[in-house]
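First up is the structure itself, then whatever we jot down about it.
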Amino acid sequence: MILSSIKTFGHYCMFLTQVFRIPDKWSVTLRNTVFEISKLGVDSIPLVIIISIFIGAVICIQMTLNIVSPLVPSYSTGLATREILLLEFSSSILSLILAGKVGSNIASEIGTMRVTEQIDALDIMGINSANYIVLPKIVGFVLFVPVLCILSMFMGLFGGWLVAEFTTMISVENYIYGIQTMFSEWYVWYGIIKTYFFAFIITSVAAYYGYYVKGGSLEVGKASTNAVVSSSILILAADVILTKLLLQ
Amino acid sequence: MIEAKNVSKWFDGTRVLHDISATFETGKTNLIIGQSGSGKTVFMKCLIGLLTPEEGEIFYDGRPFKQMTDAQRRQLRTEIGMLFQGSALFDNLTVLGNVMFPLMMFSKMSKAEQKERAQFCINRVGLENADNKYPSEISGGMQKRVAIARAISLNPKYLFCDEPNSGLDPKTSILIDQLLSDITHEYKMTTVINTHDMNSVLGIGENIIFINKGHCDWIGNDHNIFRSRSKALNDFVFASKLFQEVKIFLERKYGAGEGGGEGRKP
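Top to bottom, those sequences are chains A and B.
Numbering (the numbering used here) for the first sequence: 506 to 753.
Numbering (the numbering used here) for the second sequence: 5 to 270.
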């Protein structure tokens with residue numbers, strides 16, 4: 506088990522050395538990167554907006570219902586909502602969700618290219634297929650992911666504001682005051698820094714599983730599942746390490 | 005010309021290719037034939053460099069593949085065209101995009117020149133008016149034609165085809181065979197075709213290598229394949245009733261073992 510994990514990690518590192526080489530043609534890589542930004546990043550915006558608004562609203566409701574002590578000021582609902590969104594939801598939880606959407610997309614796309622011999626065709630032409638296919642995906646998504654993270658922070662806070670505006674659980678003034686109180690700019694940077702790492706994990710792990718698919722459509726499905734499971738576990742492990750490093 | 009010398013390949017301790025030596029001549033359609041599982045695809049992948057044989061060497065016009073540097077191998081790749089069994093067209097590119105792809109990656113042509121060359125190749129394979137269609141929007145036969153157009157776009161010296169007729173009806177198969185034969189002679193390419201289609205063997209088999217259980221069992225051409233004394237080859241060739249009748253007809257007409265030789269053992 507341990508030996509096999511070390512072997513897989515070594516294989517993954519070898520794969521990355523193939524990916525991070527000088528592209529055969531910069532103009533093509535640049536064009537593909539822009540395309541991947543659109544496909545993996547921009548197309549994820551609706552999902553990020555919907556999930557963030559609902560989760561922001563739910564966190565706000567939960568905080569209001571659970572913080573009932575007269576010793577705790579009423580604005581603490583807004584404060585707690587903000588801290589949860591900035592510190593964990595908009596970076597880690599959002600990345601777990603994106604691992605499902607983006608990771609499975611990448612693994613199945615590259616896996617299908619493998620089983621239909623499209624990767625072999627690139628290799629035969631003398632093109633570094635890993636570099637040609639995977640590099641634009643990693644670079645594109647890593648470049649765009651801070652946008653998704655910041656968008657998620659805003660949308661989550663907006664979801665909390667909707668609760669304050671349309672229910673009687675908390676006043677809008679208290680909520681607004683809460684989300685502004687004791688604000689630390691570093692928490693935003695902390696979230697963004699984490700998402701860079703998570704975006705790299707999502708894209709590279711999914712690409713690795715897709716690239717080495719052997720067999721047919723059944724194996725493509727398995728690779729897609731393995732990619733999501735592995736990247737989710739790695740995101741959680743990286744979250745622990747990054748939190749320790751960045752917040753201590 | 006491509007030469008394979010004493011090529012052997014193992015998978016997980018099992019030897020799948022046994023000391024195969026063969027020569028694939030320039031300007032001819034060279035066929036590798038054999039039953040499913042005989043090792044012909046593995047042999048072709050060794051020829052192209054997708055698999056590395058544990059023993060033996062492949063020579064491209066005298067250049068040994070194993071001893072080439074990465075840069076030399078990259079250069080060689082631009083001299084190779086490949087037609088895959090499933091066409092292997094890029095799903096996200098149109099017909100024109102697929103054919104232009106190698107030109108875009110390797111040529112120093114302007115965009116207009118690339119388009120002109122791609123258009124020429126598309127027309128050469130008889131696919132006018134399909135430029136803007138995606139691979140999923142065209143038939144299997146048309147996909148094969150696009151793959152041929154893509155393979156010849158860089159004017160390769162070597163063309164490899166892995167079962168070009170699989171999944172095609174007999175009429176389309178003959179058209180694809182004829183097209184491959186025509187472009188081989190027209191551009192003086194070294195074409196290697198991996199097939200088990202007897203129509204291809206009889207139609208375009210100028211140089212045939214028969215592989216049986218990983219061994220090169222027989223070398224000959226479409227004229228003498230019916231006269232071979234190799235039992236394995238006869239079992240393969242005369243598997244269908246039609247070809248059994250053809251054999252009886254030929255024996256009655258010319259007499260057994262006469263006319264055109266019987267090929268040779270490697």
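Just so it is clear, CB atoms sit at the ideal spot from N, CA and C, and this is done for glycine as well.
Please read all numbers here as calculations on a predicted model, not as lab measurements.
By the rule that beta-carbons nearer than 8 Å mark a contact, Gln623(A) touches chain B. Chain B places no beta carbon closer than 8 Å to that of Met568(A), leaving this residue out of the contacts. Taking 4 residues as the shortest admissible run, the segment 42 to 108 of chain B contains the following complete alpha helix (DSSP H) segments, listed from N- to C-terminal end: 44 to 52 and 74 to 81. Around Asn636(A), the same chain offers Gln523, Val524, Arg526 and Pro528 as residues with beta carbons nearer than 7 Å, after the five sequence neighbours per side are excluded. In the same chain as Val607(A), and ignoring 5 residues on each side of it, the C-beta atoms closer than 6 Å to its own belong to Leu545 and Ile707, in chain order.
Chain A has a Cβ within less than 8 Å of the Cβ of Leu54(B). Within the segment 547 to 581 of chain A, contact with chain B at the beta-carbon level (separation under 7 Å) is assigned to no residue. Chain order gives the chain A residues near Ile84(B) as Ile629, where near means a beta carbon separation below 7 Å. One Cα belongs to Ser244(B), the other to Ser140(B), and the distance between them is close to 34 Å. Using a Cβ distance threshold of 8 Å, Ile6(B) and Ile84(B) do not count as a contacting pair.
Taking CB atoms only, Ala626(A) has a neighbour in chain B less than 8 Å away. In the three-state reduction of the DSSP assignment, Glu588(A) falls in the helix class.
Val547(A) places its beta carbon 8 Å or farther from that of Ser657(A). Going by beta carbons, Ser729(A) and Ser634(A) fall outside the 8 Å limit.
Measuring C-alpha to C-alpha distances from Ile643(A) to each of Val710(A), Ile507(A), Tyr580(A) and Gly665(A) identifies Val710(A) as the nearest.
Rounded to whole angstroms, the gap between the alpha carbons of Arg77(B) and Ile52(B) is 11 Å. DSSP, reduced to helix, strand and coil, places Glu141(B) within a helical segment of the structure shown. C-alpha of Leu591(A) to C-alpha of Val718(A): approximately 37 Å in a straight line. Shown here, Phe242(B) sits in coil according to DSSP, grouped into three states, outside any helix or strand. No Cβ-Cβ contact shorter than 8 Å links Ser177(B) with Asn198(B). Contact with chain B is found for Asp529(A), since one of that chain's Cβ atoms lies less than 8 Å from the residue's Cβ. When secondary structure is reduced to three states using DSSP, His189(B) falls in the helix class.
Taking a cut-off of 8 Å on C-beta distances, the segment 178 to 194 of chain B does not touch the segment 7 to 21 of chain B, as fewer than three cross pairs fall below it. In the structure shown, Glu132(B) adopts coil according to DSSP, grouped into three states. Using a Cβ distance threshold of 8 Å, Pro106(B) and Met687(A) do not count as a contacting pair. Only those residues of the segment 630 to 641 of chain A whose C-beta falls short of 7 Å from the nearest C-beta of chain B are listed: Met630, Gly631 and Ile632. Of all residues in the segment 121 to 140 of chain B, none is placed with a Cβ closer than 7 Å to any Cβ belonging to chain A.
Ranked by how close their Cα comes to the Cα of Gly207(B), the residues Ile215(B), Phe214(B), Leu183(B) and Thr98(B) have Leu183(B) in first place. Val533(A) belongs to the set of residues whose beta carbon lies under 8 Å from a beta carbon in chain B. Scanning Phe649(A), Lys749(A) and Ser735(A) for the CA closest to the CA of Ile550(A) turns up Phe649(A). About 10 Å separates the beta carbons of Tyr716(A) and Ala732(A), which is beyond the 8 Å limit, so they are not a contact pair. When rounded, the separation of the alpha-carbon atoms in Gly101(B) and Leu93(B) is 10 Å. Residues of the segment 97 to 113 of chain B with a C-beta less than 9 Å from any C-beta of chain A: Phe105, Pro106, Met108, Met109 and Phe110, listed in chain order.
A Cβ-Cβ separation of about 5 Å places Cys125(B) in contact with Val103(B) under the 8 Å criterion. Taking a Cβ-Cβ cut-off of 7 Å, the neighbours of Arg78(B) in chain A comprise Gly631, given in sequence order.
Identification of chain A residues near Gly90(B) by a Cβ-Cβ cut-off of 7 Å yields Thr621 and Glu622, ordered along the chain.
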